[in-house]
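A.B. asks:
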Amino acid sequence: QKEVEQDPGPLSVPEGAIVSLNCTYSNSAFQYFMWYRQYSRKGPELLMYTYSSGNKEDGRFTAQVDKSSKYISLFIRDSQPSDSATYLCAMRAVGSSNTGKLIFGQGTTLQVKP
Amino acid sequence: SAVISQKPSRDICQRGTSLTIQCQVDSQVTMMFWYRQQPGQSLTLIATANQGSEATYESGFVIDKFPISRPNLTFSTLTVSNMSPEDSSIYLCSVGGDTLVYGYTFGSGTRLTVV
């Protein structure tokens with residue numbers, strides 16, 4: 001079983017739709033949760049990061065972490081064609097086993113159609 | 001956040017040769033990492049580049065195949081040695097801040113094709 005599971009999609013939505021992207025994980029030591037956006041032929045770009053459980057909002061983007069269910073989500077409101085990209089979740093543990101290493105999900109490819 | 005310059009951006013190499021990828025950061029950073037992203041796949045950590053000491057490699061990656069240097073806090077290189085077509089991939093440099101609280105920054109990557 002992979003430490004982080006993410007549905008690869010592809011996911012296709014019309015412009016203006018609400019998009020929900022999700023990851024599940026198995027390692028209870030994960031405390032830092034991140035979402036990256038990667039455009040074709042570019043490096044990943046950090047979108048959101050969250051520590052432990054809870055919600056965080058930034059403009060059209062909302063990140064949610066439910067540690068009890070080992071489940072994280074990224075919501076995109078009023079999706080735009082420019083949001084078309086691959087979205088990767090990433091996680092990091094803390095404590096004695098922490099090496100600063102990020103564990104990535106497989107990435108979900110999103111296409112927003114005009 | 002730090003700005004990363006990664007070179008070359010792409011290369012086509014012959015089987016059996018080696019390629020060295022450079023990662024230059026515009027500020028001193030504690031942690032530098034090298035990732036591989038195979039076509040259609042997610043990112044896999046190759047190693048953590050440690051300043052002044054040997055890199056820490058992940059399972060499945062060895063120093064003879066992927067030697068890494070980090071002479072200071074702003075620069076690192078990754079060499080892909082004795083290449084085969086299976087090494088065709090995107091190689092990414094990443095850096096993290098001292099607090100390790102914030103998400104890490106990535107370079108734009110090196111797209112390597114081995115023929």
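One line per chain: the protein sequences are A and B, in this order.
The opening residue of the first sequence carries number 1 in the numbering used here; numbering runs sequentially from there.
The opening residue of the second sequence carries number 1 in the numbering used here; numbering runs sequentially from there.
In this text, a Cβ means the ideal position worked out from N, Cα and C, and glycines have one as well.
1) Alpha carbons only, please: which of A:Q80, A:S69, A:V112, A:E3 is nearest the one belonging to S53 (chain A)?
2) Look at the alpha carbon of V25 (chain B) and the alpha carbon of S40 (chain A), and state the distance between them as a whole number of angstroms.
3) Name the DSSP bridge partner or partners of Q111 (chain A)?
4) How is P71 (chain B) classed by DSSP in three states: helix, strand or coil?
5) DSSP three-state call for S20 (chain A): helix, strand or coil?
6) Put E54 (chain B) into one of helix, strand or coil per three-state DSSP.
7) If contact is defined by three or more beta carbon pairs under 8 Å, each pair taking one atom from either stretch, is the stretch 50–67 of chain B in contact with the stretch 56–65 of chain A?
8) Under three-state DSSP, which class holds S82 (chain A)?
9) Is the beta carbon of I72 (chain A) closer than 8 Å to that of Q64 (chain A)?
10) Should the stretch 98–109 of chain A be regarded as contacting the stretch 45–56 of chain B, the criterion being three or more beta carbon pairs within less than 8 Å?
11) Excluding sequence positions up to five away, which residues of its chain have a Cβ less than 7 Å from the Cβ of L46 (chain A)?
12) Taking only heavy atoms of the ligand MG into account, decide whether any of them is closer than 7 Å to the Cβ of M34 (chain A).
13) Give the DSSP-derived three-state secondary structure of E57 (chain A) in the structure shown.
14) Which one of A:Q106, A:P14, A:S79 has the shortest CA to CA distance from G40 (chain B)?
15) Enumerate in chain order the residues of its own chain whose CB-to-CB distance from K65 (chain B) is below 8 Å, with the five nearest sequence positions on each side excluded.
16) So G107 (chain B) packs on C23 (chain B), CB below 8 Å; how close in whole Å?
17) Using Cβ-Cβ distances below 9 Å, what residues of the stretch 39–54 of chain B are close to chain A?
18) Starting from the C-beta of Q38 (chain A), find all residues in its chain whose C-beta is less than 8 Å away, skip the five residues before and the five after it, and write them out in chain order.
19) Kindly list the residues whose CB is nearer than 6 Å to the CB of S104 (chain B), restricted to its own chain and excluding five residues on each side of it in sequence; keep chain order.
20) Here's the rule: buried if 16 or more other CB atoms are within 10 angstroms of the residue's CB, otherwise exposed. What is Q14 (chain B)?
21) Would you report the Cα separation of W34 (chain B) and R10 (chain B), rounded to the nearest angstrom?
22) So which residues on chain A does L92 (chain B) lean against when the C-beta distance must stay under 9 Å?
C.D. replies: With the given structure in hand:
1) A:S69
2) 22 Å
3) A:S12
4) strand
5) strand
6) coil
7) no
8) helix
9) yes
10) yes
11) M34, Y36
12) This structure lacks the ligand MG; in fact it carries no ligand of any kind.
13) strand
14) A:Q106
15) V80, S81, N82
16) 6 Å
17) G40, Q41, S42, L43, T44, L45, T48
18) P44, E45, A85, T86, Y87, L88, G107
19) Contrary to the premise, residue 104 (chain B) reads as Tyr rather than Ser in this sequence. Result list for Y104 (chain B): S94, G96, in chain order.
20) exposed
21) 16 Å
22) G43, P44
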